[in-house]
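Q: Pasting a structure here, questions to come.
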């Protein structure tokens, strides 16, 4: 996991979801890819996905349940998990989550 992204553009307007429980900024790369960098405060939320995503956790702890699964899996800073496109996942943030979302 890299500690910084070089030579990028950042969209100034914040993405604010779930009454401020999730706040992120979009980062645009020269090759056309985009990522979001943000935080999710302690909460229980459901996110819908369009494109496949990889959630890279910089810090914090959460439990995840992918759509169609019954089992929860725990992740923490230094780990990542994948979510299929056109799907959803439930997340229970146990500690404020600092993350990078990679869109594939």
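Residue numbers (the numbering used here): 39 to 142. Glycine included, C-beta positions come from ideal geometry on N, C-alpha and C. Being a predicted model, the structure only gives us computed values, none of them experimental.
Leaving out five residues before and five after residue 101 in sequence, what residues of the same chain have Cβ atoms less than 6 Å from its Cβ?
A: Within the chain shown, the letter at position 63 stands for residue 101. Around residue 101: 110, 112, 130.
Q: Taking the alpha-carbon of residue 116 as reference, which of 135, 141, 125, 127 has the nearest alpha-carbon?
A: Residue mapping note: residue 116 aligns to position 78 of the chain shown, counting from 1. Minimum Cα distance to residue 116 is reached at 135.
Q: On a CA-only basis, which of 52, 53, 72 is nearest residue 46? Give me that one, please.
A: If you number the chain shown from 1, residue 46 lands on position 8. If we check each option's Cα against that of residue 46, 72 comes out closest.
Q: Let me know if residue 91 comes out buried or exposed under the rule of 16 or more other beta-carbons within 10 Å of its beta-carbon.
A: By one-based count along the chain shown, residue 91 stands at place 53. So residue 91 ends up on the buried side.
Q: For residue 60, which residues of its own chain have a beta-carbon under 6 Å away from its beta-carbon, when the five flanking residues on both sides are left out?
A: For this step, residue 60 is matched to residue 22 along the chain shown. Counting only Cβ-Cβ distances below 6 Å, and skipping sequence neighbours, we find 78.
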